[in-house]
Amino acid sequence: ELSGRRLGVIGTGEIGLRVAEIGKAFRVSKIIGFDPVQNDRFTSIGGEYVKSLATVFLHADVIVICCSLTPETKGMVNRRMLKLLRPDSIIINCARGAIIDQDALTKMLTEGRFRAGLDVYEGFDGDELAADHPLRSVPESNLVLVPHLGYKSHEALQRRQELTLDNILAFLANSPQNIVS
16 ELSGRRLGVI GTGEIGLRVA EIGKAFRVSK IIGFDPVQND RFTSIGGEYV
66 KSLATVFLHA DVIVICCSLT PETKGMVNRR MLKLLRPDSI IINCARGAII
116 DQDALTKMLT EGRFRAGLDV YEGFDGDELA ADHPLRSVPE SNLVLVPHLG
166 YKSHEALQRR QELTLDNILA FLANSPQNIV S
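Per my numbering, the very first residue in the sequence shown carries number 16; after that it's consecutive.
Written out as C-alpha cells, the structure is:
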C-alpha cells in the first residue's frame, strides 16, 4: 500500500520521474528525491529534493533506487545508510545491484531490519539467481526477487531500436542527444 506513505526516489532521471508520477497516482503523502543533478520536472510533479542521501533513508517509507551505476554511485547505499531504515521500510532497487552493498543488504534483510524488492544483483548478468546465491537465504517475508526483464518485451525492444536510430541520426546531423556524462 503506497497511499499515505512517503516515497523516496534516488535518481530523478526518466525512470525516477516515472516512479514519482506513479507514486503520485497512488496518493503517496510526500515524494522526496536525491540526485546531484536536480530536474525541474521532478519538482513540478510535487517532488521535493533533499540535500543528503541519509535524509531519504531517514524519512521515506519506500525508497526506489533509479540512478545510473557510476564510480560515485557504486556502493553508495552502504551499511551506514541501510542502518537508517526502519523495520517497516521498503527499499526497491531497479537500477544496478552494485549501488547497494550486497553483503550488508543480505545480512540486514536476514535479520529483518527492513524489506526489499530486487530485480538487479551485483555481478550477476543472467535472468535468474543461482540457487546458492546468498540472497536466496533471506526469508521471503523480507525480500521479493524477480529477474530484470522489463527490457525484454516486444514493445521495449522496438522502442530501443527506434531510440537507437534516432540517436544515430541526431549524431550524424551534428546534434547528439541522450548524452550520458
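Glycine included, C-beta positions come from ideal geometry on N, C-alpha and C. These figures come from a predicted structure and were not determined experimentally.
Buried or exposed: which applies to L184, given that a residue is buried once 16 or more other Cβ atoms fall within 10 Å of its Cβ?
exposed
I'd like the span of the beta strand (DSSP E) that includes L23, first residue to last.
Checking the sequence, you will find Gly at residue 23 rather than Leu. Residues R21 to I25.
For S156 versus T125, is the C-beta distance shorter than 8 Å?
no
Would the beta-carbon of T27 fall within 8 Å of that of F57?
Between T27 and F57, the gap from beta carbon to beta carbon is short of 8 Å.
Can you tell me the Cα-Cα spacing of A119 and A110, whole angstroms?
18 Å
Neighbourhood of G90 by C-beta distance below 6 Å, restricted to the same chain and skipping five residues each side
D116
Can you name, in chain order, every residue of its own chain whose Cβ lies under 8 Å from the Cβ of C81, other than the five neighbours on each side?
For C81, where only same-chain residues beyond five positions count, the Cβ hits under 8 Å are V24, I25, G26, T27, G28, I30, G31, V34, C109 and A110.
Let me check one thing: in DSSP terms, what residues is E63 bridge-paired to?
I47
What separation, rounded to the nearest whole angstrom, lies between the Cα atoms of D134 and L160?
6 Å
Suppose you measure from the CA of V43 to the CA of I37; what does that come to, to the nearest Å?
9 Å
Following the continuous alpha helix (DSSP H) through G132, name the residue where it begins and the one where it ends.
Careful: G132 lies outside any alpha helix (DSSP H), inside the beta strand (DSSP E) at R130 to L133.
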